[in-house]
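What follows is one structure encoded as structure tokens, with my remarks underneath.
Protein chains in written order, with the working numbering: chain A, 1 to 180; chain B, 1 to 141.
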């Protein structure tokens, strides 16, 4: 039998689930509900893997990726490498609603977000800067570079390509809290 | 990362993801989350799926699209999720990845790839049966 409505999400992010559910109960569309649910995780920085202040890149900056998809119309809005805007899923929704495109990235996505009225602010926090500083002090380990010099397994960049590319190399580390 | 699927009373479906990606990534790196068919996929005539894990690997297999297409051909959500994971596992046995699947009648399931330190995957469900947000755990395959 049919058991609807349904809200389901990855990981144990219950506040996001509850928010989406009650949005539906209040008459919101599934599209609005799913956006609200994900926005809660962005505000709450769910397990450090969502929203501002988590998982800095090699330069210490936090960047965000998000997507929203309407299963009725197959419309999609997405942003990648979004900088200085906290509400990434909101910007993804704006891509869907205010462009004929699907996916905007990087600085241009941030400029688009600003044009659409989203606030521009740093995504760094004391925690993310501490994480970054520790990484620098550990000779930039772990490190996603390969086939470069200096050796990325023990030296920070800048890096240049190394002549000769080794065949497929096993990924050398795993951080179960660092997920997409 | 959060990946979420919402299905309304009459089967209208939406999916979304949001993440800050991998720690210490090379600047400019984007994971699977914002890629339709990879991080999530939704088709109200069938169902939806959302994946999580190592986005650099997950995005190579479009697991969410695959799971939805399997459900389109009648596969149950859990089996669809498992097949999507097996497709990745075949090439990357050590891949960190999980996926949730839901069909448009409210059936749902999940799967994950069993690796050291990751043997169960939690996901959260709210439907009329649970009447509250309930965290489920699935054993990884």
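C-beta atoms are modelled at their ideal positions from N, C-alpha and C, and glycine is treated no differently.
{"query": "Residue 149/A classed as buried or exposed, judged by whether at least 16 other C-beta atoms fall within 10 angstroms", "result": "exposed"}
{"query": "Candidates 12/B, 17/B, 33/B: closest to residue 24/A by CA position", "result": "12/B"}
{"query": "Segment contact, 8 angstroms Cβ cut-off, at least three pairs: the segment 113-127 of chain A with the segment 51-67 of chain A", "result": "yes"}
{"query": "Check whether residue 93/B and residue 57/A have beta carbons under 8 angstroms apart", "result": "no"}
{"query": "Test: residue 84/A CB closer than 8 angstroms to a CB of chain B", "result": "no"}
{"query": "Interfacial residues, the segment 155-178 of chain A to chain B, with Cβ spacing under 9 angstroms", "result": "170, 171, 174, 175, 176, 177, 178"}
{"query": "Sub-8 angstroms separation of residue 92/A and residue 111/A beta-carbons", "result": "no"}
{"query": "Selected residue, minimal CA-CA separation from residue 179/A, among 15/B, 16/B, 20/B, 10/B", "result": "20/B"}
{"query": "The segment 10-28 of chain B: positions lying closer than 7 angstroms to chain D by Cβ", "result": "Among the protein chains in the structure shown, which are A and B, there is no chain D."}
{"query": "Distance between beta carbons of residue 58/B and residue 9/A, contact taken as under 8 angstroms", "result": "16 angstroms between Cβ atoms; not a contact."}
{"query": "Exposure of residue 100/A, with buried meaning 16 or more beta-carbon neighbours within 10 Å", "result": "exposed"}
{"query": "Top-ranked residue by Cα proximity to residue 42/B, from 134/B, 104/B, 109/B", "result": "104/B"}
{"query": "Coil, strand or helix - residue 45/A by DSSP", "result": "coil"}
{"query": "Sequence ranges, beta strand (DSSP E) only - wholly within the segment 29-117 of chain B, length at least 3", "result": "40-43, 47-53, 97-103, 108-112"}
{"query": "Under 9 angstroms (Cβ pairs) to chain A, residues found in the segment 107-127 of chain B", "result": "107, 108, 110, 115, 116, 117, 118, 121, 122, 123, 124, 125, 126, 127"}
{"query": "Simplified DSSP assignment, three categories, for residue 122/B", "result": "strand"}
{"query": "Residues of its chain near residue 135/B, where Cβ-Cβ distance is below 7 angstroms and the 5 sequence neighbours each way are ignored", "result": "122, 124"}
{"query": "N- and C-terminal bounds of the alpha helix (DSSP H) containing residue 93/A", "result": "88-98"}
{"query": "Buried versus exposed, by CB contacts within 10 Å (16 or more), residue 35/A", "result": "buried"}
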